[in-house]
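Numbering (full-length UniProt numbering), first residue to last: 1 to 851.
What follows is a set of notes on a single structure, which appears directly below.
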Ligand SMILES: *Cc1c(COP(=O)(O)O)cnc(C)c1O
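Written out as structure tokens, the structure is:
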């Protein structure tokens, strides 16, 4: 536990070069090569070592800085870069144009607050553990490029990120380098007095937990990071933000209280201090920061005369919840007693009754508080992260909407995307003709220069593969030195891998469902593929196991044992310490990106998208994003043995399919060269991938979708709910209370379906549906009565349903006409649903009466 990074930044930079400080602290340099070039030109060798402009400024000799301060050419370039950054930060972008073109009644938020427990922006700010954090970083960067007014917020961990190495026998060893925030591209948020802003949340026993707030600049987006390591905190509270996902439930709930409630308070204070517009929409990336909704209820309660239910209606309108968990067992839960311990004395959220808090997280098991359920109950809009995961989520959470078919559960999906300018090799965007920030933004792949030849693309692919080979050799050697080998016996690491051999990458965290070792299922077949005389394959494997997951570490050890064998070590490696810096080389240099999760346990997966943008083809189980985007010619789908319940048999079948694909399709296509040595078939698959997949996997597509389908509609509902002293929220709360009271008495008394005289039941012919409904005390305008028609099979369950609203005809009578949608056996029913202008969907309240 040493490796504390300490250096002073501002002291030594001459006045003439102050522009460099802003360029170094705004993380836009991480996706803007010209800014990196500027820093590299100060001292190329040093930059290659530190790869971080801020460290550059700290470590470049003062004499060199003085020299540069007198160099007119360097000064001009610095000025130019500063002006370019200023333009980027201030000019209107996509969002501003979109707002200008807004239709009648369409609103967009003045700001969106985006909550996440981790943010992976760059290795220079190591505050993430894996995919969820990198996704959050990509979300902020794309929001910045699009001009979406967003504020990111989450904890800053003192050891946010563990480094992985291996013991001699291949066991994962963790190190936790402790960061020193003052050496990172962060600025402390201060009060006008100059004192640090302290966000405060109450802890049981009359104590307070304090956090200071660090601000990172991700292009246009401020990222606020809460840090409890302040002197004023008791010793145990200082450690709340010590580690990401470490510790017991008590530690975790403190982190989540800080992220949600403290995060909300940090955002409020930030906006007050800087004049940034206060957010209207609040997006939580997974449920861990879900307590933010309760803090907003508290705010509304404190401000006026609203009841809890009225406040809840207002808060729900502006909350978006994205779930990433495909299995119930993986949902975040606490003991009810633990929640009571923190919320029970009323100090944490004054005015908010703990029983109401507990009700929001209630699940089947009365001793458990379900954080995801709370997230869904506090958010009017929710989504999964791929089409398949949306479907899985609707099934998993269906019991919150009893009486509805799974497809009607109001959880939709936005497929994740990746930030192109971060992940695409600059050589690739240069070749394809994209401007660095715009590549793929136009959405149809038409931005690609049509004059680029197969030969040019193939030469670049070779170059990127070559870069990866060098990186593999360097890292393999370093890993062996760490495992205790001496430099003298490591000559062989200079000869491993070959820049002309088909290169397969497999890198990810190592939970069981990702099946790191599926490829080892039949070691002889794997060895044969690696060592094939004419069509060899080389494989790079990387991945970290959660420090507490012994099973995951055992899988890593299995891989390491396999690759330690001198017979295969030139063709297959395990590289320790998978992170963003290694990932970059892998996504760019591999020819094939392999992914073998147990379907449907991968919610989305994003590494394959980053690979695709660089012309690497995917070879994957049809899970997550690949289930949706695989089109038969942009890569390969490993057939899944869905329905085979014996997991070992399933692994055998899927592994065999993988070997078959690699040996019979992938390798032959890669090595099928024409007279000039170019694999035309392979290259045409890359072109197809770049053109068709390229635009769809971009984070800019994802963020635009959130703006159009979530942030915009949420802002519209928020405006309606809060206008005129929360009139809308009051009306909705009163409506909910009325529906709650009357609903048990509502019933469909009778229904009828008839064809106009002379017609028969023929596809497309109009039929009239009538229904008589006992509305109890409700008005006709309080409900939507629908006819539902669909196919019926052996049972009377309706499938492929079509719904048609029936119009009120007075005295509880409803009627309407529908056209028969299909031939064959059909059935129909009638149902009653709640209706209120501020509901996002008729299923939202989970209430329905069926005939
Ligand atoms: C993209 C990325 C991930 C997520 O990849 P998956 O395909 O979701 O496993 C994890 N770690 C790093 C460093 C990444 O860049």
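Cβ atoms here follow ideal geometry from the backbone N, Cα and C, with glycine treated the same way.
Keep in mind it's a predicted model, so treat the numbers as computed, not measured.
Residue i classed as buried or exposed, judged by whether at least 16 other C-beta atoms fall within 10 angstroms
i: residue 32; result: buried
i: residue 256; result: buried
i: residue 643; result: exposed
i: residue 749; result: exposed
i: residue 234; result: exposed
i: residue 511; result: buried
i: residue 836; result: buried
i: residue 486; result: exposed
i: residue 545; result: buried
i: residue 667; result: buried
i: residue 622; result: buried
i: residue 551; result: exposed
i: residue 616; result: buried
i: residue 175; result: exposed
i: residue 745; result: exposed
i: residue 665; result: exposed
i: residue 754; result: exposed
i: residue 15; result: exposed
i: residue 101; result: exposed
i: residue 385; result: buried
i: residue 553; result: buried
i: residue 453; result: exposed
i: residue 796; result: exposed
i: residue 799; result: exposed
i: residue 640; result: buried
Backbone secondary structure at residue i - three-state DSSP
i: residue 118; result: coil
i: residue 291; result: coil
i: residue 200; result: strand
i: residue 339; result: helix
i: residue 676; result: coil
i: residue 164; result: strand
i: residue 104; result: coil
i: residue 840; result: coil
i: residue 283; result: strand
i: residue 274; result: helix
i: residue 211; result: strand
i: residue 179; result: coil
i: residue 187; result: strand
i: residue 813; result: strand
i: residue 578; result: coil
i: residue 754; result: strand
Sequence-distant residues of its chain with Cβ nearer than 6 Å to residue i (five each side left out)
i: residue 187; result: 215
i: residue 778; result: 742
i: residue 658; result: 638
i: residue 373; result: 361, 363
i: residue 419; result: 138, 141, 142, 699
i: residue 322; result: 285, 383
i: residue 772; result: 749, 750, 812, 813
i: residue 729; result: 310, 313, 314, 721
i: residue 165; result: 173, 482, 576
i: residue 271; result: 278
Other residues of its chain near residue i: CB distance less than 7 Å, five sequence neighbours each side excluded
i: residue 397; result: 376, 409, 411
i: residue 291; result: 256, 257, 260, 261
i: residue 122; result: 27, 30, 580
i: residue 65; result: 12, 13, 14, 17
i: residue 423; result: 587, 610, 613
i: residue 316; result: 378, 379, 380
Beta-carbon proximity list for residue i, same chain, < 8 Å, skipping 5 on both sides
i: residue 308; result: 297, 301, 352, 353, 356
i: residue 651; result: 515, 518, 521
i: residue 340; result: 354, 358
So which residues touch the region around ligand 1, with touch meaning a C-beta under 5 Å from any heavy atom? 130, 131, 134, 508, 580, 583, 605, 606, 607
Identify every run of the alpha helix (DSSP H) within the segment 370-422, keeping only runs that are complete inside it and at least 4 residues long; order them along the chain. 371-378, 387-396
Where are the beta strand (DSSP E) runs, 3 residues long or more, that stay fully inside the segment 504-568, in chain order? 537-542
Kindly provide the ranges of any alpha helix (DSSP H) runs that are 4 or more residues long and lie completely inside the segment 583-627, ordered along the chain. 607-613
Residue ranges of each alpha helix (DSSP H) run of no fewer than 4 residues wholly in the segment 451-506, ordered along the chain? 454-482
Any chance you could list the beta strand (DSSP E) runs of at least 3 consecutive residues sitting entirely within the segment 630-684, in chain order? 635-638
At 4 residues or longer, and completely inside the UniProt domain "DUF3417" (13-125): list those alpha helix (DSSP H) runs for me, N to C. 18-25, 33-40, 44-50, 53-59, 62-69, 72-90, 94-100
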